[in-house]
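Below you'll find the structure, written out as structure tokens, and then a few comments.
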Amino acid sequence: MAYKPRKVSASHSNRTSRKMRDATIGTHVPSGTRRTANRVNGGTVQFSNPRKSTRAKRGVVDHVLPSTSTRESDSAYSKRVSSRGFADGIQRQARIRGIAIVVAVVLLVVCVAGGVGVAAYFGSVSDKMGLGDSNAKGALVSPAEGKAPYVLLVGEFSKPGQAYDGPDMLMLARIDSDNKQVSLVSIPANAQVSLSDGNVHRIAEAQLLGGDEYLVSTVAAYTGVSVSHLIKTDADGLGDLVDALGGLTIDVSQEVDDPNAGDLYIPAGEQTLDGDAVLTLCRALNFAEGDEARAENQQKVVLALAGKLLDTNAFSIVPTLDTIAGTVRTDYSASDAMGLIDSLRGIDLTQVHAVRMPGYQLTSSSTGQEYFIASDDEWTAMLAAIEAGEDPTPAESEGPTVDPASFTVTVRNGSGITGGAQQMSDALAEGGFNVTETGNADQYVYNETLVVYQDNNFKEAAESIVNHLGAGRAIASNGFYTFETDVLVVLGKDWQPLN
């Protein structure tokens, strides 16, 4: 039977065309006045780049990204999550996340426990290094803004069985960490000071009257500097410290053979010394220059110790501090000490300025006690150079030019050398000096030849005698010596007759 086409009305045709346009992706243009859930709006669909988004808004859509987070189609996503492997993977990822969380928690606990352990360890080292019952902190002063701190180094080296009369070593160290500069100034332990009891004493005896606090404040007042830190050790501590560091290599300028310092003989020259030998070196006074030579040896020991600590690497410095902590006492904590050592790494210790406070030795004619008298003007100039980071070593002078016959001289033998006064008198007379009196001193206790002047008018005259003899020290009388001439020469054990 023949097929008879069905008549299509105009309204039906329009509806069909509209449905086709709405269902055809890539050719439709969204209506601006009527929207249904079946329509695709280019402004609400995600596209891979802005150009495609713009084209979609004009009615051209080449590709629409699925709304799933994995950018896969609904059917692909449904197929993947319904598979058996998908559930196993989810469980495996959950186990991994759980293990990671447990590991993180364990690491956190270990770090906290380790931090507590490190803090406890540092605290233990700090306690062993601490000042204990010392009252020194009451006199320590923080340095002024922008100023390098001064550290007082104290050595208590008295021999067993001897009455303790104060420290044998007093040394100020100015430590400029920013510029890696260090200056050492030795202060003679017998420097003359008036203490709280109203009497004249050796500066070391301040510790006997008021402990470390009074010693620190007395040194600060005597030198005119603020002391910020204290490091002290005793005979046993120094020996143990040196041995713990494996000994010290020191160039000994003069042989050491002083029974009052120890039983050891130390020849001159560079050598490695153990704790006992270093202690003997620091005590020894049996030199022509006496305290000046001892100060030089003590400075060499301090620099050798510093060199050992600065050569210790960052990983072993804490165990090293722990090893030596009981040998020294200080207000520095373990962490502060580490920071100080690290700040000075790379410093050239051969360039450290090491000097002795300028002045002269004076022996009391009534008690025989020998005191050190500081030269105020020279110390002021030296301290200014130290503060400026310059070399404070005084320049050597050629000596004054004075007519040797223009003043009178008295010569006294203070060394005990038989005929020494006459030998000295003859030597001066050969140089044209006017010697009018000779004799012996009250006591033979002078290690150093002294040339004493009555007043400043004869200072250059006294210095001209020192220059001629090549020995001795020119000092003011200050009422300690009685003589009628312009200058007094006291023969000491350091003088040898001129040939």
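Quick note on numbering: the UniProt record's numbering labels position 335 of the sequence shown as 335, and the sequence is numbered without any gaps. Beta carbons: idealized from backbone N, C-alpha and C, even for Gly. All figures in this text were calculated on a predicted structure; none of them were measured in a lab.
Cβ pair residue i, residue j closer than 9 Å
| i | j | result |
| --- | --- | --- |
| residue 256 | residue 264 | yes |
| residue 286 | residue 260 | yes |
| residue 469 | residue 427 | yes |
| residue 476 | residue 466 | no |
| residue 196 | residue 143 | no |
| residue 480 | residue 279 | no |
| residue 305 | residue 177 | no |
| residue 301 | residue 362 | no |
| residue 150 | residue 226 | yes |
| residue 325 | residue 123 | no |
| residue 155 | residue 258 | no |
| residue 412 | residue 421 | yes |
| residue 386 | residue 202 | no |
Beta-carbon proximity list for residue i, same chain, < 6 Å, skipping 5 on both sides
| i | result |
| --- | --- |
| residue 329 | 131 and 232 |
| residue 188 | 291 and 372 |
| residue 408 | 434, 436, 485 and 486 |
| residue 145 | none |
| residue 283 | 157 and 261 |
| residue 295 | 186 and 356 |
| residue 354 | 184 and 299 |
| residue 482 | none |
| residue 139 | 213, 216 and 217 |
Between the CA atoms of residue j and residue i - distance to the nearest angstrom
| i | j | result |
| --- | --- | --- |
| residue 439 | residue 129 | 55 Å |
| residue 489 | residue 161 | 37 Å |
| residue 266 | residue 244 | 21 Å |
| residue 241 | residue 193 | 32 Å |
| residue 447 | residue 288 | 7 Å |
| residue 191 | residue 120 | 43 Å |
| residue 215 | residue 207 | 5 Å |
| residue 424 | residue 450 | 12 Å |
| residue 458 | residue 414 | 22 Å |
| residue 310 | residue 340 | 10 Å |
| residue 219 | residue 127 | 26 Å |
| residue 271 | residue 352 | 21 Å |
| residue 171 | residue 230 | 10 Å |
| residue 388 | residue 137 | 27 Å |
| residue 431 | residue 321 | 59 Å |
| residue 153 | residue 360 | 22 Å |
| residue 125 | residue 456 | 55 Å |
| residue 221 | residue 198 | 16 Å |
| residue 313 | residue 494 | 45 Å |
Status (buried if at least 16 other CB within 10 Å, exposed otherwise) for residue i
| i | result |
| --- | --- |
| residue 348 | exposed |
| residue 275 | buried |
| residue 250 | buried |
| residue 168 | buried |
| residue 472 | buried |
| residue 99 | exposed |
| residue 92 | exposed |
| residue 319 | exposed |
| residue 492 | buried |
| residue 183 | buried |
| residue 350 | exposed |
| residue 552 | An answer regarding residue 552 cannot be provided, because it is not within the stretch 1 to 499 covered by the chain. |
| residue 223 | buried |
| residue 101 | exposed |
| residue 370 | buried |
| residue 268 | exposed |
| residue 163 | exposed |
| residue 148 | buried |
8 Å Cβ shell around residue i - same chain, five flanking residues per side excluded
| i | result |
| --- | --- |
| residue 358 | 374, 375, 378, 379, 382 and 394 |
| residue 205 | 165, 166 and 195 |
| residue 308 | 245, 246 and 248 |
| residue 303 | 184, 349, 352 and 354 |
Min CB distance residue i to chain D below 9 Å
| i | result |
| --- | --- |
| residue 210 | Among the chains in the structure shown there is no chain D, since it carries only a single protein chain. |
Close beta carbons around residue i, own chain, < 7 Å, minus the five adjacent residues each side
| i | result |
| --- | --- |
| residue 461 | 402, 407, 453, 486 and 487 |
| residue 317 | 338 and 341 |
| residue 368 | 443 and 445 |
| residue 135 | 211, 212 and 213 |
| residue 237 | 327 and 328 |
| residue 346 | 180 |
| residue 277 | 264 and 266 |
| residue 254 | 268, 287 and 293 |
| residue 441 | 412, 413, 414 and 490 |
The ligand ADP heavy atom lying under 8 Å from the CB of residue i
| i | result |
| --- | --- |
| residue 351 | This structure lacks the ligand ADP, and indeed carries no ligand of any kind. |
* Asked: Going along the chain, which unbroken runs of the beta strand (DSSP E) with 3 or more residues stay wholly within the segment 407-495?
  -> 408-413, 434-440, 450-453, 473-476 and 487-491
* **Within the segment 241-307, ranges of the beta strand (DSSP E) (whole runs, at least 3 residues)** => 248-252 and 269-273
* Which ranges does the beta strand (DSSP E) cover as unbroken runs of at least 3 residues, wholly within the segment 166-250, from first to last along the chain? -> 169-176, 181-186, 192-194, 200-202 and 227-234
* **alpha helix (DSSP H) runs contained entirely in the segment 368-395, provided each spans 4 or more residues** => 376-387
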